[in-house]
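Numbering (our numbering), first residue to last: 5 to 779. From the three backbone atoms N, C-alpha and C, an ideal C-beta is built for every residue, glycine too. Data first, discussion second: the structure below is written as structure tokens.
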Amino acid sequence: MSRNIGILTSGGDAPGMNAAIRAVVRTAIRFSCTPYAIHEGYDGLITGASRIHPLTWEDVRGYLARGGTLIGSVRCEAFRHRAGRLQAAKNLVLNGIDALVICGGDGSLTGADVFRGEWSGLLDELVKNGELDEQAVKGHENLSVVGLLGSIDNDFSGTDATIGCYSALARICEAVDDVFDTASSHRRGFVIEVMGRHCGWLALMAAIATGADWLFIPERPPRQGWEDDMCEVIMKNRNRGKRRTIVIMAEGAQDHNLQRISSDTVKNVLSTRLELDTRVTVLGHIQRGGSPCAYDRWLATLQGIEAVKAVLDMTPDSPSPVVTIQEARIKTSSLAETVALTKEANASLQAKDFDKAMKLRDPEFMEYHRAYRRLSTADHPRTMLPTEKRMRIAIIHVGSPAAGMNAATRAAVAYCLTKGHTPIAIHNGFPGLCRHHADTPVSSVRVLRWEDCEDWVTDGGSDIGTNSGLPCADLPTTARCFESHAFDALLVIGGLEAHAAIHQLRAARATYPSFRIPMILLPASMANNVPGTEYSLGSDTSLNTLVYFCDVVRQSASSSRRCVFVVEAQGSSAPCPSPYPGIDQYPNLNNNNNNSDNASAYLATAAALTAGAMTVYTPAHPITLDRLSTDISYLRSQFANDHGAPRAGKLIIRNESTSPQYSTNMVARIIQGEAHGRFEAKGVVPGHFQQGGKVSPIDRIRAFRLAVKCMEWLEGWAGRTVDAGEGEGVARIGIRGSRVLVEEMKDGEGEAETGEKKVWEGLQDVVDFLSGRAV
């Protein structure tokens, strides 16, 4: 059924709102509906006239990478009153709009639901007053309202994330990372205030992602005497050689009596008690600015599509829905219930029921906070385990470098030092272990101190070195090294090779008793292709790096108006090179099957969606002459009809493993040759640039969470004997939806695929759908 759908943004702006607008507009058009822009939020709805107008497909070109909201967002007092809503209803009827998609906060969405509930009464009043006649309101007896959650604070209950929150977190992390340099140079302390009047999500995640020394959030006020606690922790860190001190606080930080704790108060405590040269930085609205990160583009795009579908599915009796994300799946919930839960959380703060407020936040919130508090007080006597429970835990990186390896290792070391375990680094993977084993003067095995890895939270790559070599290349030497260094447990961080390595160690236990220790795999792969998990460390950093590259390339393509760039994305799932055999015994780790081919295409597919590519070539959707011909015909029609429009450049993304015959440059040359001078085509290969630089906030906080879970699992084996016959004590941690799962790895499992469809699979059609290319 054709509908006229109005879209407005209200209550502020959040990075990603433009991506939502783009998705709503193009989805509406694809479903034969007419999308309308309502400028300046509810104020535009009341003012009407030129502030309400239809949008075309090309009107939202280039929206994905733009920050803020291009249709404006103005707070409107008039809409709170019936007279304002009466005028808004009149303007909707005059423009033929019978559905609204609203992206905003709880106040904006509450107002929308009230508006829908009053709709029939408003129409009756307009007819009674003679402002509309019976014919005008015919066909507009019902109004559909769908909400999208746009908030950088991530302060809504019932959803894992809100549009804009991770982009704001990225801005905060970038600012704190820059502060690191001057803080370290001058041995200064910095108190950094971030947004969050009623919700401490941004502050908590920023504290974890930057390794802050202390944290203030409204949901968990510090106990009385917090000044002494904070100074004790900071001095301990200083005495261990830390040159900088970072305190993160939400703007709504308060004590148990709801009295605000200001950044100046904290600064004065550090300056007077510790004689620490301390500065205050209030980040303010810089947190709202900038281009949205890949996650927010992905979230806003898929939620925008779902919003249009929800409009078409609604009946007059349906409660107004809000689009959420739960367990990494896009869903719809009751708008009224979601807003009510959110307001209940805020009311709990005012009632000093802080435990209830914590529980009403995202379920991950309490877990992250508990882990942060525990690890921010490293080597405190109260946290130490009895001597017999302490373990020598080895940490090794296996496979290609992936952002987050260092952050996970840092968190694991912090956990060990907090509980009294000994963290041991194996440098340069299994080949490094065997090359410099106990019989040689140089050892690749050393105990890690806190000062060795304190700065690793932002560093990409692997500071202890990583290698694709597998233990089967020299099992006897590997076993002697395990025995000579008396490892009690092993944490393996890496990709497909790490997955194979841990199976090889498990299979060799019958022959080599030194392998009879608990082992756990923490997936880290920029290709996001480790079996049994929907997310691997490093994949988010690589995606953001590739999307940034595509934004720059697209800008170049748009500047020259008629240009197509074919960008090659990494993501090969090729087996190990011959010097390190052994991966072949796990056939589903090879790249000759559909599951692995899909996995290797993650980066290309996700980048195509979040960068707004015309199409994406992957092993599952390969390049053929017929497909190239269809795409070239589409490009011809697009460039023929754009009439020199701005942002007219085109982008195609090709996975590096798509086809050995049709290389990136060959595809570009074919397109160039068939363009007949109407447009240009160029191939670009970003190569290892895609491994990323500094680790993204998502990879940082997930590295922290996963590493802590891994250490807790290993710690559970303290004092226990691993039974080689049963093959127990080998596990893999993974994320399914938003759940973190630790699962035992069984004999013959090798590939360990769950059979569940990964959240990003199937996005090929969405890419083509939103580019206008035939699906």
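Please classify P579 as buried or exposed, where buried requires at least 16 other C-beta atoms within 10 Å of its C-beta. Confidence is the limiting factor: at P579 the pLDDT is only 43, short of 50, which leaves the residue's position unreliable and the question unanswerable from this model.
Using the Cβ count rule (16 or more neighbours within 10 Å means buried), how would you classify G168? With 16 or more Cβ atoms within 10 Å of its Cβ, G168 is classed as buried.
Quick one: what's got a C-beta closer than 7 Å to D17's C-beta in the same chain, skipping five residues either side? The beta carbon of D17 lies closer than 7 Å to those of G72, T73, S77 and R292 in the same chain, with the five residues before and after it left out.
Cβ shell of F708 (< 6 Å), same chain only, five flanking positions each side left out: Taken in chain order, the residues that qualify are I212 and A415.
Give the straight-line distance between the Cα atoms of F160 and F553, rounded to the nearest whole angstrom. C-alpha of F160 to C-alpha of F553: approximately 32 Å in a straight line.
Run through the DSSP bridge pairs and tell me what R736 is partnered with. Beta-bridge partners assigned by DSSP to R736: L525 and E747.
In whole angstroms, what separates the C-alpha of E748 from that of W717? The straight-line gap from Cα to Cα measures roughly 11 Å.
Based on Cα-Cα distance, which residue from A412, G542 and E458 lies nearest to C714? That would be A412, whose Cα lies nearest to the Cα of C714.
Do you know whose CA, among L136, S14 and G100, lies nearest F83's CA? Taking only the C-alpha atoms, the option nearest F83 is S14.
Cβ-based neighbour list, L303, same chain, cut-off 7 Å, excluding 5 preceding and 5 following: Cβ within range, chain order: G20, A165, I167 and I329.
DSSP state of W721, grouped into three classes? W721 falls in the coil class under three-state DSSP.
Please report how far the alpha carbon of V327 lies from the alpha carbon of Q91, in whole angstroms. Q91 has its alpha-carbon roughly 27 Å from the corresponding atom of V327.
From T31, R247 and T319, residue whose alpha carbon lies closest to that of S189: Taking S189 as reference, the option from T31, R247 and T319 with the minimal CA-CA separation is R247.
Tell me which same chain residues have a C-beta within less than 6 Å of the C-beta of T545, skipping the five on either side of it? Excluding sequence neighbours, T545 sits near A407, G696, V699, S700 and D703.
For S171, which option in D185, D182, S155 and V131 has the closest C-alpha, if you only look at C-alpha atoms? Out of D185, D182, S155 and V131, S155 has the C-alpha closest to the C-alpha of S171.
Burial state of Q559, where buried means 16 or more other Cβ atoms lie within 10 Å: Counting Cβ neighbours within 10 Å, Q559 comes out exposed, since fewer than 16 surround it.
By how many angstroms is the C-alpha of S322 removed from the C-alpha of S337? Those two C-alpha atoms are separated by around 11 Å.
Leaving aside the five residues before and after D492 along the sequence, list all residues of the same chain whose C-beta is less than 7 Å from its C-beta, in chain order. So the list reads M395, R396, I397 and I521, once near-sequence residues are dropped.
V534 (DSSP reduced to helix, strand or coil): DSSP places V534 outside both helix and strand once states are collapsed to three, so it counts as coil.
Smallest Cα separation from D233: which of S667, D217, R244 and G464? Answer by Cα proximity: D217.
Contact the segment 497-509 vs the segment 457-465: 3+ CB pairs below 8 Å: Short answer: they don't touch.
Given this structure, state the Cα-to-Cα distance separating N158 from D366, to the nearest angstrom. N158 and D366: Cα-Cα distance of roughly 9 Å.
Do you know whose CA, among E341, S529, D317 and S564, lies nearest N163's CA? Rather than Asn, the amino acid found at residue 163 in this sequence is Thr. Ranking E341, S529, D317 and S564 by Cα distance to T163 puts E341 first.
Between which two residues does the beta strand (DSSP E) holding N99 run? N99 -> no beta strand (DSSP E), and no H or E assigned at all.
Report the three-state DSSP secondary structure of Q559 (helix, strand or coil). Helix at Q559.
Per-residue burial, K142 [other beta carbons within 10 Å of its own, 16 or more giving buried]: That one is exposed.
C-alpha gap between I290 and P626, whole angstroms: Using only the alpha carbons, I get a separation of about 42 Å.
Which term fits A349, buried or exposed, when burial requires 16 or more other beta carbons within 10 angstroms of its beta carbon? Classification of A349: buried, given that the 10 Å Cβ count is 16 or more.
Based on DSSP bridge pairs, tell me the residues matched to Y40. For Y40, which the question treats as bridged, DSSP gives the partners G10 and P58.
Per DSSP, what are the beta-bridge partners of G687 in this structure? Beta-bridge partners assigned by DSSP to G687: V570.
Validate contact between the segment 180-199 and the segment 308-321 using beta carbons, cut 8 Å, 3 pairs: The segment 180-199 vs the segment 308-321: no contact.
For S337, which of helix, strand or coil comes out of DSSP? If DSSP states are grouped into helix, strand and coil, S337 belongs with the strands.
If we ignore side chains and look at the alpha-carbon of each, how far apart do V343 and L364 end up? Each residue's alpha carbon lies about 12 Å from the other.
L147 CB to nearest chain C CB: under 7 Å? The structure shown contains no chain C; it is built from a single protein chain.
Evaluate K654 with the Cβ neighbour count: other Cβ atoms within 10 Å of its Cβ, from every protein chain shown; 16 or more gives buried, anything less gives exposed. Residue burial is scored here from C-beta neighbours: K654 has at least 16 other C-beta atoms within 10 angstroms and is therefore classed as buried.
Would you list the one or two residues that DSSP bridges to I329? I329 pairs with I334.
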